[in-house]
Amino acid sequence: MIPRIDQTSPVQTLYLSFINALRDAGFSGDLSPDYANRTVLATDNSIYQVLPQGVLYPRDTADLVRIAKLSQEPQFQNIVLSPRGGGTGTNGQSLTDGLVVDTSKYMNQILEINVEERWARVQCGVVKDQLNAAIKPHGLFFAPELSTSNRATIGGMINTDASGQGSCRYGKTRDHVLDLTTVLLDGTEWTSSAIDEKTLEDLWRREDRVGEVHRVIDAIQREHHVLIEQKFPKLNRCLTGYDLAHIRDEQGRFNLNNILCGSEGTLGFITEAKINLLPIPKCSALINVNYRDFNVALRDATQLMKANPTSIETVDSKVLNLAMNDIVWHSVSEFFPAPENGEKIQGINLVEYTADSDDALKADVKKLTDLLDQAAQDNSTGRISYSIAWGNDAVNKIWGMRKKAVGLLGNVEGEIRPVPFVEDTAVPPENLADFIFEFRAVLDEHKLTYGMFGHVDAGVLHVRPALNMKDPAQEKMVRVITDKVVALTQKYNGLLWGEHGKGVRSEYAPAFFGELYPQIQRIKAVFDPRNQLNPGKIATPSADIELLKIDEVPTRGQIDRKIPVQVWEGYSEGMHCNGNGLCYNWNPNDAMCPSWKGTRERKHSPKGRASLMREWLKQMSERGVNAVEESKKFKHTSFVFNLPARVINTFGKRKGEYDFSHEVHDSMMGCLACKSCVGQCPIKVDVPEFRAKFLELYYSRYLRPLKDYFIGGLEFMIPTLAKMPWAYNLMMKPQFMQRFMARFIGMVDSPLLTGINLHTAAQKLDVNYATLENIAQLSASEKSRAVILVQDAFTSYFETPLVIDTLTLLKKLGFVPLIAPFKPNGKPLQVHGFLKAFAKAADANATQLNGLASSGIPLIGIEPAMTLAYRAEYKKVLGDNVPKVQLIQEWLAKQSEQLGEKIREFKSADFSLLAHCTEKTNAVSSIKDWQTIFNTLGQKLNVIETGCCGMAGTYGHETSNVETSKKIYSLSWSQVVNNPANAGKLTATGYSCRSQVKRIDNTKLPHPVQILLQQLL
0 MIPRIDQTSP VQTLYLSFIN ALRDAGFSGD LSPDYANRTV LATDNSIYQV
50 LPQGVLYPRD TADLVRIAKL SQEPQFQNIV LSPRGGGTGT NGQSLTDGLV
100 VDTSKYMNQI LEINVEERWA RVQCGVVKDQ LNAAIKPHGL FFAPELSTSN
150 RATIGGMINT DASGQGSCRY GKTRDHVLDL TTVLLDGTEW TSSAIDEKTL
200 EDLWRREDRV GEVHRVIDAI QREHHVLIEQ KFPKLNRCLT GYDLAHIRDE
250 QGRFNLNNIL CGSEGTLGFI TEAKINLLPI PKCSALINVN YRDFNVALRD
300 ATQLMKANPT SIETVDSKVL NLAMNDIVWH SVSEFFPAPE NGEKIQGINL
350 VEYTADSDDA LKADVKKLTD LLDQAAQDNS TGRISYSIAW GNDAVNKIWG
400 MRKKAVGLLG NVEGEIRPVP FVEDTAVPPE NLADFIFEFR AVLDEHKLTY
450 GMFGHVDAGV LHVRPALNMK DPAQEKMVRV ITDKVVALTQ KYNGLLWGEH
500 GKGVRSEYAP AFFGELYPQI QRIKAVFDPR NQLNPGKIAT PSADIELLKI
550 DEVPTRGQID RKIPVQVWEG YSEGMHCNGN GLCYNWNPND AMCPSWKGTR
600 ERKHSPKGRA SLMREWLKQM SERGVNAVEE SKKFKHTSFV FNLPARVINT
650 FGKRKGEYDF SHEVHDSMMG CLACKSCVGQ CPIKVDVPEF RAKFLELYYS
700 RYLRPLKDYF IGGLEFMIPT LAKMPWAYNL MMKPQFMQRF MARFIGMVDS
750 PLLTGINLHT AAQKLDVNYA TLENIAQLSA SEKSRAVILV QDAFTSYFET
800 PLVIDTLTLL KKLGFVPLIA PFKPNGKPLQ VHGFLKAFAK AADANATQLN
850 GLASSGIPLI GIEPAMTLAY RAEYKKVLGD NVPKVQLIQE WLAKQSEQLG
900 EKIREFKSAD FSLLAHCTEK TNAVSSIKDW QTIFNTLGQK LNVIETGCCG
950 MAGTYGHETS NVETSKKIYS LSWSQVVNNP ANAGKLTATG YSCRSQVKRI
1000 DNTKLPHPVQ ILLQQLL
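Laid out in structure tokens, this is it:
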């Protein structure tokens, strides 16, 4: 039995007092000093881990004013505050041992869009892709492009002055900021923009913080403009934050925004922004140029720029190979054909062109292709081949792959993994190849592997050396490599900080700024004289206060090394999360991650759950408990033996006894177990897997709710219950029983048995069970057309007509269907942590299915989640002994010849598919299989992109989840289902999806098989 984790790192008394005072002051947002929230926000996408004292989630600007004003009270002037947006920083920008101020949860509204004048006013927590989705119908977009655009907030972009692909054409974030509203530390709410001299003179006369800020910054520019001109490099990626070179803009106007953009929350709280919008180019194309040497690809970029493209991005072979093994490759593989001569690609330049007409686009592309064709026979160019992707859809797919490069680099085998600490250098583009040549020499000298990608047109390349940060010796390489890279950037007239901000790497700012650094400190001092705002980053307010140092801030590796190797490997599904934050994806029509989208709580995300799991394992290890060994012991412990102890512990829990395991449990129970994280996370974090392991151990100490036994045991009881369906339905249908089930069992809206006897229906169809005896009686012709349908409890007993329709369709298509005798699949057991029972059920089921598979007849399943369990959950416990069970569409798509013969028997029509989350993220090609089948039979099947329906097996039937389940459904499915244009055209593959639609919208969606059956003449 695991121990109670009754003590963690306590919140300091000063911070608890501050939080209580905020509550008393009318703070309307969330105040979270709990250990779970602190743990989840202790990391970003960097190598660092810093535990905050608490997390503040302001609901509006008034809350930020309350925070600022209270922090200036004498008793709270040592309080540290750090703003946070999407939390995707690679340099620890938002990490703090004080209070995190997370504006993304509530302050995420688009306030105004002015199409005519092409600007928008947004709150700081609005996500870039959220804004672009809202303005796309108007033909506009917010230009700075980021690889993290689906989770990066506008406030975060402003605070790092973010930029990315296309910056040579579109510039950086600050180039598109018109007005900024900032809460200063004295509580002043100030809106800044470019101003003329008269306005500046008026501000000079103010006696408050605003007046002082303008006086100091203007004086710095006037007194030091010559030195500033000499010191600041002339780069596309000019300095971010406290940018002295742009205090006055090109028109000579004073612009405070150029100081605030990139200031990383060290000067104030950005609350709103008025930002410039641009017209979306009507046409685009991408030329993918392949090289036999990566350094040659870098050098060639200068030559390619002569053809005046919109942008040039580059990726090396490591990133390319990782992409090929990821879900994203299915969408782009056609654009990257293998070179005809068989040469190995070592680098690719992605050259983009945009235009407002096809003719203009073709003319621009021709300039480059002519250049490439003329040199095709010249091997000295290093080019191997090129391909062209035409159209915005194709181009966006490739950029989607490129955006995933950051995360993909973390998805390598073993503990030595590429990490960010020198990955943001910028040098003049003409110096890039020589700079990278020496950069690689430094890494090669230390025998480090690495991956590279970036914006070659702007001279920015992201280089991530691979280290095992749990190894103290390798951790020291961070200092060694960084110092050498800093020297290289200086040698080539570049910057260490190209676009990802400074954060902990601000240590090198004084050396870069030289004699101008005291002026940077003057700016910090006038905004934040007591060093309360994100201290240690960019600048300190006085010479006696030091900046943070790259090797003196706690790292994740220092904490992770406290977890024993056996435990780390036993829970490997969650240990390698690198914080890239893809699970914070804003897009409601994307499957990743429904619990995050439904709650906006970071602890209810894969990143949050992985963070909590690592901390939980560390806490257990510090108490001498090996979670892997504890699981083995529990599997051999009698249920009755430790029942008294679990009763006592549960009574203590209800009395309010603290246990960190309860906080972890709360996070894990919010997971829908949809497995979208497994398919879409570039690191392949598998929350349902480590969640099941945690639940097993958690319930070794505490009593399980009754619903778990009901859900876990239903597959085993259902054959018996189905013999008297009226009795089961009578027990479930009445309102008083539903209220009883909701209150005492924890289940709502439980489905009813159909009452249809599948055995009888199969006999009427002349369909036999798949027994070895029946198989032996098949003729050679029948056996060649035979297929075995593997039953699952949901469709066989709660949706029996679908099984009958499937058998009917297969027969009409000329196949010989057989039904595998029903055995529990066991997936519900695994989801709820009954791991011993699941292993037993899986073994029994696999034994039967493997016996049937030995006949050579294919096995297929209808329900995606249950069928895919055979290649996921079963693989974990059975290894290579797993039965091969295909999704029905995977098998049918291979029968094109047989299907083609039946096309005349079908009437044609158009339909739209709503795919199951697990299916479209873990068996991507199977969605196209449905389209292939429909096309072969004379139908057209459109795939509608939706997020999760919110049901996910039994998740939506559990009382505690109903509200979130319905919220998730409302985000994407509701609009599609209730769109009159979709009436009679929708089809859904998932049983749980169809159940959710019926429950909420009282609409019955057919399965694709049923659509095909109805189309038969």
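Counted from 1, the sequence shown has number 515 at position 516 by numbering that gives the first Met the number 0; the numbering is strictly sequential. For glycine and all other residues, C-beta sits at the position ideal for the given N, C-alpha and C.
- Closest option to residue 385, judged by alpha-carbon separation, among 363, 421, 336: 336.
- Looking at the backbone, the Cα of residue 937 and that of residue 896 are separated by about 14 Å.
- In the three-state reduction of the DSSP assignment, residue 519 falls in the helix class, which pools H, G and I.
- One thing to note: residue 450 has its Cβ within 8 Å of the Cβ of residue 315.
- Within the same chain, Cβ atoms closer than 6 Å to the Cβ of residue 607 are found at 39, 601, the five residues on either side in sequence being excluded.
- Assignment of residue 693 by DSSP, reduced to helix, strand and coil, places it in the helix class.
- Annotation: the continuous alpha helix (DSSP H) that includes residue 605 extends over 605-621.
- Note on geometry: alpha-carbon atoms of residue 1013 and residue 319 lie some 44 Å from one another.
- In summary, residue 1016 is exposed, with fewer than 16 beta-carbon neighbours lying within 10 Å of its beta-carbon over all protein chains present.
- Contact annotation, residue 999 with residue 965: C-beta distance approximately 6 Å; criterion of less than 8 Å satisfied.
- Within the same chain, and ignoring the five residues on either side of residue 534 in sequence, the residues whose Cβ sits closer than 7 Å to its Cβ are 79.
- Rounded to whole angstroms, the separation of the alpha carbons of residue 3 and residue 696 is 12 Å.
- Partner residues in a beta bridge of residue 590, as assigned by DSSP, do not exist.
- Shown here, residue 290 sits in a strand according to DSSP, grouped into three states.
- CA-to-CA, the gap between residue 269 and residue 44 works out to about 21 Å.
- DSSP lists 417 as the beta-bridge partner residues of residue 465.
- Ranking 698, 430, 693 by CA distance to the CA of residue 647 puts 698 first.
- In the displayed model, residue 656 falls within coil according to three-state DSSP, outside both helix and strand.
- Contact between residue 771 and residue 1008 does not hold, since the beta-carbon distance rounds to 27 Å and is not under 8 Å.
- In this structure, residue 799 lies away from residue 863, with their beta-carbon atoms at least 8 Å apart.
- Boundaries around residue 974 are those of the alpha helix (DSSP H), 972-976, since no beta strand (DSSP E) includes it.
- Of the other Cβ atoms in all chains shown, fewer than 16 fall within 10 Å of the Cβ of residue 445; this residue is therefore exposed.
- Taken in chain order, the unbroken stretches of beta strand (DSSP E) that lie wholly in the stretch 908-995 and span 3 residues or more are 909-913, 939-942, 985-987.
- By the neighbour-count definition (other C-beta atoms within 10 Å, threshold 16), residue 758 is an exposed residue.
- Listed in chain order, the non-local C-beta contacts of residue 669 below 6 Å within the same chain comprise 594, 603, local neighbours out to five positions each way being set aside.
- When C-alpha distances from residue 498 are compared across 841, 531, 161, 963, the shortest belongs to 161.
- When the beta-carbon positions are compared, residue 1002 and residue 971 stay at least 8 Å from each other.
- Across the set 875, 129, 97, 102, the C-alpha of 129 shows the shortest separation from the C-alpha of residue 109.
- One Cα belongs to residue 716, the other to residue 639, and the distance between them is close to 22 Å.
- Contact annotation, residue 481 with residue 549: C-beta distance approximately 6 Å; criterion of less than 8 Å satisfied.
- Only residues of its own chain outside the window of five on either side were considered, and among them 183, 185, 187 have a CB closer than 6 Å to the CB of residue 208, listed in chain order.
- Straight-line measurement puts the Cα of residue 547 at about 30 Å from the Cα of residue 170.
- Where residue 119 is concerned, the enclosing beta strand (DSSP E) starts and stops at 118-122.
- In the structure shown, residue 386 falls within a strand segment according to DSSP collapsed to helix, strand and coil.
- By alpha-carbon distance to residue 149, the top candidate from 47, 117, 579 is 579.
- With contacts defined by Cβ atoms closer than 8 Å, residue 260 and residue 194 do not form a contacting pair.
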